[in-house]
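Structure, as structure tokens:
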Amino acid sequence: MDETWNAEVRRDVARVLMTLRVEFAEQNHPGGRAIADITHRLHEECTAWITEARASGAIPPGPPPRQTALALLGALEGVVIAFAGQAPYDTEFADRAVRGVLGVPTTSILA
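Here our numbering is used: the first residue of the sequence shown is 143, the next is one more, and so on.
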């Protein structure tokens with residue numbers, strides 16, 4: 143059961159979120175506002191994490207945190223959609239994409 147659930151969730155969550163954002167774009171709809179709010183909060187949290195990680199030296203300096211957070215979320219979403227249902231490669235490439243955006247050396251999790 144867990145294996146089936148994980149495969150289904152991994153395959154569909156990013157695609158569903160993207161579809162909802164596109165469907166509700168520029169509409170005054172409660173569902174669209176909720177999706178926009180969730181996406182905004184996620185971006186704000188990622189921005190804060192990147193700021194904190196740079197301040198602590200955990201990740202190197204780079205482009206402004208807000209833009210880095212947008213790049214990180216976009217890259218992660220794209221990889222997850224492109225590799226839907228292709229475990230363990232989905233997590234391998236998600237890891238590589240995030241590390242690349244953050245400027246952190248890549249280490250294979252499949253080795």
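Beta carbons: idealized from backbone N, C-alpha and C, even for Gly.
The structure displayed is predicted, hence computed values, not measured ones.
Under the DSSP assignment, E186 falls in the alpha helix (DSSP H) whose first and last residues are P172 to S198. DSSP places I223 in the uninterrupted alpha helix (DSSP H) bounded by P207 to A224. In the three-state scheme derived from DSSP, where H, G and I count as helix and E and B as strand, A167 is classed as coil.
For R208, same chain residues with a beta-carbon under 7 Å away, outside a window of 5 residues either side, are T189 in chain order. As the crow flies, the alpha-carbon of Q169 is around 26 Å from that of V222.
Put simply, of E219, Q228 and A213 the residue whose alpha carbon is nearest the alpha carbon of L244 is A213.
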